[in-house]
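Peer 1:
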Amino acid sequence: MPVETKTKIHEDSKKLVYEDSDVKKAMDLIRQRGYVTRADFKQMADEDWAEGFDQKIEAGFLNAENEDPYIYFEQFDFKGGDIDSIIFDMDQVGNREHASELLGAAIGQQVY
Numbered sequence: 374m375p376v377e378t379k380t381k382i383h384e385d386s387k388k389l390v391y392e393d394s395d396v397k398k399a400m401d402l403i404r405q406r407g408y409v410t411r412a413d414f415k416q417m418a419d420e421d422w423a424e425g426f427d428q429k430i431e432a433g434f435l436n437a438e439n440e441d442p443y444i445y446f447e448q449f450d451f452k453g454g455d456i457d458s459i460i461f462d463m464d465q466v467g468n469r470e471h472a473s474e475l476l477g478a479a480i481g482q483q484v485y
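Here it is as structure tokens:
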């Protein structure tokens, strides 16, 4: 069942929809490799959607038994001016620098 969320900034102009199946898939990917990007979910190209997706993923892990990953949402700048998002488990990825490298590799961008 889709869950709609309105962002504070775009309350009247943008409805953000999150599918339960997408949240489950993201949680599975994070368990397997530690992160998700727009290469996995094209909607993550929208910063508002990605931030809300992070909240849904965190809530999913909070409700999961015996799991407490440190889920982190971050945006990084790439050469050429592109900005992109990654949602990752800090315990698996280790640090922000490694997260930026993983994101760059996943979306084919060069890290500064």
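Going letter by letter, the sequence shown gives residues 374 to 485 in my numbering.
The C-beta atom is built at its ideal place from N, Cα and C for all residues, glycine as well.
Please read all numbers here as calculations on a predicted model, not as lab measurements.
From residue 379 to residue 472, what does the alpha carbon distance come to, in whole angstroms?
Peer 2: Confidence is the limiting factor: at residue 379 the pLDDT is only 49, short of 50, which leaves the residue's position unreliable and the question unanswerable from this model.
Peer 1: Below 8 Å on the Cβ atoms is my contact criterion, and I expect residue 399 with residue 409 to pass it. Report the Cβ-Cβ distance as a whole number of Å.
Peer 2: 5 Å
Peer 1: Which of helix, strand or coil does DSSP assign to residue 477?
Peer 2: Note: residue 477 maps to helix in three-state DSSP.
Peer 1: So, residue 442 versus residue 413, is the Cβ gap smaller than 8 Å?
Peer 2: no
Peer 1: Between residue 456 and residue 446, how many whole angstroms is the CB-CB distance? I'm expecting something under 8 Å.
Peer 2: About 13 Å; that fails the 8 Å criterion.
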